[in-house]
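All the letters of the sequence shown, read from the start, carry residue numbers 135 to 388 under the working numbering.
Backbone N, C-alpha and C fix where the C-beta goes; we use that ideal spot for every residue, glycine too.
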Amino acid sequence: MSVVINSNFAASVAANNLAASSDSLQKSLNRLSSGSKIVTPSDDAGGLAVAMKLSAAARRSGAALNNIGNTTSFLQTQEGVMKVTSKILDRMGELATLYTDPTKGASDKANYSTEFDALSAELTKLGSETFNNIGLFGSVSVNTTEAGSGAIATTSYTMASGLTIGSLSGINSAIDSLATARAANGAAQSRLGFAAEVLTVNRQNLEAAHSRIMDVDVAAESTQLARWNILVQSGTAMLSQANQSAQSALKLLQ
């Protein structure tokens, strides 16, 4: 190999290798210190784009779960009121039947009427109950809850806000309507329960997929850190040696 002064190819190669090792060491340090595999978009532009979409979908699933939980609370509150309504109707039916007893005098019937009217007034009051200022009865719709690209649950039914009860047949009709409304309420709660299960699984899988793209594997990255650290140290030593090799040319000139 010729001995030259104006250029030092060995030093140039050592310097380039040292720069590459130092850059890789810095990236490894950034990943371990941040806990993220993608510190800057240039690390994995495509992966970052996918991770952003997965994260957004997971957050939407979480929001949808909150909506389902609130809607379930609404339905449970409604069911509680309807359960009380059912008891009131049962008692009103009993009073209406007792009222027809021919052995009861006018004062007795007046007492039955007093309780009947009081319960009727309570039914009207229950019909105006609200949940977060939203009426529990009337036309009730459990709106579509969106998660990803699909609709999770939609249901609607009608519950009269005021039951007209003028006779025993009217009470029976009201009980039939209430039974239908409670069945619809139960069906809606059941459907939302299954929808919540699907959303929970979907969110977990989305978060896992996001983690595989974004989160650094500490064990693997620590191994890489040790590798780059050694290469930087050895590269520094070799660059020093390469720079000293040109000194041999001076000895030839002495």
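Close-in-space but distant-in-sequence residues of the same chain around residue i (CB under 8 Å, 5 per side omitted)
i	result
GLN338	none
HIS344	ALA185, LEU188, SER189 and ALA192
GLN367	none
PHE250	MET226, LEU229, ALA230 and TYR233
GLN210	GLN323
LEU199	ALA330, LEU333, THR334 and ARG337
Cβ separation of residue i and residue j, assumed to be a contact under 8 Å, to the nearest whole Å
i	j	result
GLU355	LEU166	6 Å
ILE305	MET216	In fact, because the Cβ distance is near 15 Å, the residues do not count as touching under 8 Å.
SER162	LEU359	4 Å
ALA390	LEU365	One cannot answer for residue 390 here, as it falls past the ends of the chain, which runs 135 to 388.
LEU312	SER207	Not really, about 21 Å apart at Cβ, beyond 8 Å.
ILE222	LEU257	6 Å
Residue burial classification, residue i (beta-carbon count within 10 angstroms, cutoff 16)
i	result
GLN212	buried
ILE347	buried
GLY369	buried
SER155	buried
ALA179	exposed
ALA148	buried
Cutoff 6 Å; reference residue i; Cβ partners in own chain excluding five residues on either side
i	result
ALA255	none
LEU182	ILE172 and PRO175
C-alpha gap between residue i and residue j, whole angstroms
i	j	result
ALA334	ASN150	In the sequence on display, residue 334 carries Thr and not Ala. In a straight line, the C-alpha of THR334 is about 50 Å away from that of ASN150.
SER262	THR205	18 Å
THR264	ARG194	27 Å
ALA252	LEU232	16 Å
ALA230	TYR246	8 Å
ASP224	SER303	13 Å
LEU152	THR357	19 Å
SER307	GLY196	42 Å
ILE309	THR248	21 Å
TRP362	ASP157	9 Å
Cβ neighbours of residue i in the same chain (closer than 7 Å, five flanking residues each side left out)
i	result
VAL350	ARG165, LEU166, GLY169, SER170 and LYS171
LEU260	VAL215, VAL218 and THR219
Segment contact, 8 Å Cβ cut-off, at least three pairs: the region 305-325 with the region 238-246: As far as the Cβ criterion goes, the region 305-325 does not touch the region 238-246, which means the pair count is below three.
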